[in-house]
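Participant:
There are 2 protein chains.
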Amino acid sequence: MATIYDVAKECGVSSATVSNVVNNGPKPVRPETRKKILEAIERLNYHPNAFAQGLAKQKTHTIGILFGVVDSAEIVINAYSAAILQAVLSVAGCQGYNVTHITAPWKGAKESLSAFRNGRCDGYLVVAPPTDSDMIPALRTLEIPLVTVSWLPDQRDAVGVDIDDSHGTELLIDHLLSLGHRRIAHITGHPNLGSAQVRERVFRTQMLLAGVPVPNELVLPAHYSQHDGYIAAKQLLQLPEPPTAIFAANDEIAAGVYEAARELKVNIPTDLSVVAVDDRPLSQYLSPKLTTLHQPFDQVGQYAAQLLLQQIEGIEVENKTHYFKPEVVLRESTATPNPILRPTSDSNGGNQNAIKHGSPTQ
Amino acid sequence: MATIYDVAKECGVSSATVSNVVNNGPKPVRPETRKKILEAIERLNYHPNAFAQGLAKQKTHTIGILFGVVDSAEIVINAYSAAILQAVLSVAGCQGYNVTHITAPWKGAKESLSAFRNGRCDGYLVVAPPTDSDMIPALRTLEIPLVTVSWLPDQRDAVGVDIDDSHGTELLIDHLLSLGHRRIAHITGHPNLGSAQVRERVFRTQMLLAGVPVPNELVLPAHYSQHDGYIAAKQLLQLPEPPTAIFAANDEIAAGVYEAARELKVNIPTDLSVVAVDDRPLSQYLSPKLTTLHQPFDQVGQYAAQLLLQQIEGIEVENKTHYFKPEVVLRESTATPNPILRPTSDSNGGNQNAIKHGSPTQ
DNA sequence: TTTGAACCTACAAACGGTTGCATTTTCCTC
DNA sequence: GAGGAAAATGCAACCGTTTGTAGGTTCAAA
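Residue numbers (my numbering), protein chains in the order written: chain A, 968 to 1329; chain B, 968 to 1329.
#1: Have a look at B:V1093, B:E1110, B:V1066 and B:N1045 and flag the residue whose alpha-carbon is nearest the alpha-carbon of G1281 of chain B.
#2: If you follow the beta strand (DSSP E) that Y1290 of chain A is in, where does it begin and where does it stop?
#3: Would you give the residue range spanned by the alpha helix (DSSP H) that H1134 of chain A belongs to?
#4: So, helix, strand or coil for E1006 of chain A, using DSSP?
#5: Measuring only between beta-carbons, confirm whether G1086 of chain B sits less than 8 Å from chain A.
#6: Does the count of Cβ pairs from the region 1243–1253 of chain B and the region 1087–1099 of chain B closer than 8 Å reach three?
#7: Using the Cβ count rule (16 or more neighbours within 10 Å means buried), how would you classify Q1020 of chain A?
#8: Mark S1145 of chain A as exposed unless 16 or more other C-beta atoms lie within 10 angstroms of its C-beta, in which case mark it buried.
#9: Mind checking who N1065 of chain B pairs with in its DSSP beta bridge?
#10: So what does G1090 of chain A bridge to, in DSSP terms?
#11: At least one CB of chain A closer than 8 Å to the CB of I1044 of chain B: is that the case?
#12: How far does the beta strand (DSSP E) with I1044 of chain B in it extend, from its first residue to its last?
#13: P1112 of chain B and Q1278 of chain B - do their beta-carbons sit closer together than 8 Å?
#14: Can you give me the Cβ contacts of S1133 of chain B inside the same chain, cut-off strictly under 6 Å, excluding the 5 residues immediately before and after it?
#15: Between F1264 of chain A and chain B, is any beta-carbon pair separated by less than 8 Å?
#16: From the DSSP secondary-structure annotation, give me the bridge partner or partners of G1127 of chain A.
#17: Should V1066 of chain A be flagged as near chain B, meaning a C-beta pair shorter than 8 Å?
#18: Beta-carbon of G1060 of chain A versus every beta-carbon of chain B: anything under 8 Å?
#19: Does the region 1070–1078 of chain B come within contact of the region 1267–1277 of chain B, defined as at least 3 CB pairs closer than 8 Å?
#20: Just to confirm, are F1034 of chain B and A1095 of chain B a CB contact at a threshold of 8 Å?
#21: So which of A:H1289, A:E1283 and A:G1268 has the shortest CA-CA distance to S1057 of chain A?
#22: Sort out for me which residues DSSP pairs D973 of chain B with in a bridge.
#23: What residues from chain A crowd round G1021 of chain B, counting only those whose CB sits closer than 8 Å?
#24: For a test of the three-state rule: what should DSSP assign to T1301 of chain A, helix, strand or coil?
#25: Give a yes or no on whether the minimum CB-CB distance between A1366 of chain B and chain A is below 8 Å.
#26: Would you report the Cα separation of K936 of chain B and V974 of chain B, rounded to the nearest angstrom?
#27: Quick one: using the 10 Å Cβ neighbour count with 16 as the cut-off for buried, is G1127 of chain A buried or exposed?
#28: Assuming T1115 of chain A contacts Y1064 of chain A under a Cβ cut-off of 8 Å, what Cβ separation, rounded to an integer in Å, is found between them?
#29: Run the CB neighbour count on T984 of chain B, radius 10 Å, all protein chains shown included, and call it buried at 16 or more, exposed below.
#30: What are the residues of the region 1245–1260 of chain A that lie near chain B, defined by any Cβ-Cβ distance shorter than 8 Å?
#31: Counting only Cβ pairs nearer than 9 Å, list the residues of chain A close to E977 of chain B.
#32: Could you work out which residues of chain B lie near S1117 of chain A, taking near to mean beta carbons separated by less than 9 Å?
#33: Using a Cβ cut-off of 7 Å, pull out every chain B residue sitting near P1015 of chain A, in sequence order please.
#34: Could you please give the first and the last residue of the uninterrupted alpha helix (DSSP H) stretch that includes S1162 of chain B?
#35: In the DSSP assignment, find the unbroken alpha helix (DSSP H) run with E1294 of chain B in it and report its ends.
#36: By the 10 Å Cβ neighbour count, where 16 or more other Cβ atoms means buried, how is E1009 of chain A classified, buried or exposed?
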């Protein structure tokens, strides 16, 4: 590969002059010299070596991206991370930055932190890190530009971008309550993710505010997967008093709920209302189409990338979490609760009973 | 940030010795010296600079990944590329390689090629490049390790990994034919992608071999998207003689077909059989579940990454395309053609007529 | 005590750029 | 033609490593 010296020799000038021309440097260069150099570059197929430039300029033009590695060493590219990634790539690409996946699994600050000091990236973007990890506090000590996406919402000591899940969950639960549902179940997301924690907390709060009890049997754990959603929903729908509505922590869990409902011949939405969070394409593939909380992932990813690039360029950025508002997308998966009980339950009294009965169960 | 010299000074040794210790170098080092150095490294939080190492060793431990940028400057992370990416990341991660997205749009060999000479990556993985682009031939001239995923299948002059779409399509069409379908429509994928081209070609061949004509009205273009599938399917289903089966070039197109069918009250599979390609999760979200060709993307991505890493490590790799076999996953979206015509059509004769009529149309 | 082998360690030259400063050239002006 | 400012270019140090070679220890055997 041709180096800057090859070009310089070819033109009979020094490497400094070539560098100056290549970078449209501060010093004026005689037009004929410039032309000669540009031609030599073309002829020799010269392109500056990124690593040498990185060394000299102390700037890599690369950002590192880390996808929250929840209790596994595997990076997971799901619909969520793909959406964020896409948005980040578009912003980074426009500004001439590369995006590198950090593939090394996080094994705790002591062991993993030093690898981030290797000067490979100008900054890091951490997406949905586990809340019980020491990752973010540790990374902050490096004093390298850092932006978190969807970290614990009440953590304010880092530059972060997130969706106002708290508000979104309120909207969803209010929707179900206003339809008349009282026996509402929740299938939670991964316990180590901030989003799941918020959704569960706000769910409970809203129910409490509405004076509707939430028996333990109606809150089941899952890991943001269809399979887990299926298992949980099956359990819920086979309860002596099944819920009339299920709040699934994300679309994929909802897909599992649909599966279980179909298997148990529970009709959505007449027998069971379903709401979820994310509004990934799959919510439209499901039949009936899923009522879900639209999460503006593209905005989140773009803004996160912008905040990171600003920091890298030396622009001061406010040290707080920036929130985007989600929106409820009403589709076809919710309805008023069916007063006729499903065959699996007592055929008298129906949900009316369920509600009354439900209250003291708490 | 601490450098190797800081460590060396701290211990009163030379940088060479530190380097030797850090890399478990070839030269023996006295145990107490080693211990002293390791402690200093710990104390100073030293980590070797990746760029300096890259310069000195002429090895970046990074692979570049390019997602086929079809007629747009935007990188698209869809279900397909996400699956490949995930597989690549897992292999690369295990072997200590980083993965960088090449964000610069490809503007032709003349303009874009030199950027790949910047020494940032040890090799490149190109996923589903457009068939009408000069990208691959140009990249090959660089003599940098290169692996293509899903390039034009009949191109044999590069190391490539692909799925035997030809065989897969045969299986799908045979399935439809053996069910008794004769009026089979095809909604094609993006015209600039090899996968789409193969699927259409083999579709036509198989139909020809079976002696079943394929009128032009039954082959409609789409761009591997739900929306395009919806538009095309609507057109097909409103034909005077609608098809009894649709071969969608991928799952997302099939999702559009489902949408159109639901809107037009066409029942799947009794009125219309649908088959597609990919077997992404969405094929199970659809109702009825989609019969589709399972594409082993994880194997493809992993193998592609392995071939690339082998080349980088200097192992000779055969200069050909390696194929993986797809498998038909029979689910619920196909059935024998319904002899009773849909209301939109003549109620006498039904598909029998359609077949007979269809023949001379060719 | 010398000697040679076996070990360690340091020096310095890359790797391919950038950049402040010094130097040369060019072009005016008097 | 001399003088000087401005413009153009060159020199050399530096970015943080690796690595070949040379030099310095240590130690046992002679």
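Built from N, CA and C at the ideal position, the CB exists for glycine as well.
Computed from a prediction, not measured in an experiment: that's the story for all the values here.
Facilitator: Concretely, from the data shown:
#1: Nearest of B:V1093, B:E1110, B:V1066 and B:N1045 to G1281 of chain B, Cα basis: B:E1110.
#2: Y1290 of chain A -> beta strand (DSSP E) spans T1288 to F1291.
#3: Note, H1134 of chain A: alpha helix (DSSP H), D1132 to L1146.
#4: DSSP, reduced to helix, strand and coil, places E1006 of chain A within a helical segment of the structure shown.
#5: Output row for G1086 of chain B: interface = yes.
#6: Judged by Cβ distances under 8 Å, the region 1243–1253 of chain B makes no contact with the region 1087–1099 of chain B, as fewer than three pairs qualify.
#7: Buried, because 16 or more other Cβ atoms sit within 10 Å of the Cβ of Q1020 of chain A.
#8: Exposed, by the Cβ-count rule.
#9: Answer is B:T1029.
#10: A:I1030, per the DSSP bridge assignment.
#11: Taking Cβ atoms only, chain A reaches closer than 8 Å to I1044 of chain B, which makes this a yes.
#12: No beta strand (DSSP E) holds I1044 of chain B; DSSP gives it neither H nor E.
#13: Judged by their CB atoms, Q1278 of chain B and P1112 of chain B are nearer to each other than the 8 Å cut-off.
#14: Answer for S1133 of chain B: V1165 and V1169, listed in chain order.
#15: Taking 8 Å as the CB threshold, F1264 of chain A stays off the interface with chain B.
#16: A:T1115 and A:T1288, per the DSSP bridge assignment.
#17: It does; some Cβ of chain B falls within 8 Å.
#18: It does; some Cβ of chain B falls within 8 Å.
#19: Flag = no, the region 1070–1078 of chain B and the region 1267–1277 of chain B do not touch.
#20: In this structure, A1095 of chain B lies closer than 8 Å to F1034 of chain B by Cβ.
#21: Cα-wise, what sits closest to S1057 of chain A is A:G1268.
#22: According to DSSP, residue pairing for D973 of chain B in a beta bridge does not occur.
#23: Here the neighbours are F1018.
#24: Looking at T1301 of chain A - three-state DSSP - the assignment turns out to be coil, as it is neither helix nor strand.
#25: The requested residue 1366 of chain B is not part of the displayed model; chain B covers only 968 to 1329.
#26: Look at the range of chain B in this structure, 968 to 1329, and you will see that residue 936 of chain B is not part of it.
#27: G1127 of chain A is buried by the Cβ-count criterion.
#28: Incorrect: roughly 18 Å between the Cβ atoms, too far for contact.
#29: Classification for T984 of chain B: buried.
#30: For the region 1245–1260 of chain A, which is checked against every Cβ of chain B, the residues closer than 8 Å are P1248, L1249, Q1251, Y1252, L1253 and S1254.
#31: One finds nothing in chain A with a Cβ atom closer than 9 Å to the Cβ of E977 of chain B; even the nearest lies about 16 Å away.
#32: By Cβ distance, chain B contributes nothing, its closest Cβ being about 17 Å from S1117 of chain A, past 9 Å.
#33: Ordered by position in chain B, the residues that pass the 7 Å Cβ test against P1015 of chain A are N1085.
#34: G1161 to L1176 is the span of the alpha helix (DSSP H), which, as asked, contains S1162 of chain B.
#35: DSSP places E1294 of chain B in no alpha helix (DSSP H) but in the uninterrupted beta strand (DSSP E) bounded by E1294 to V1296.
#36: E1009 of chain A comes out exposed.
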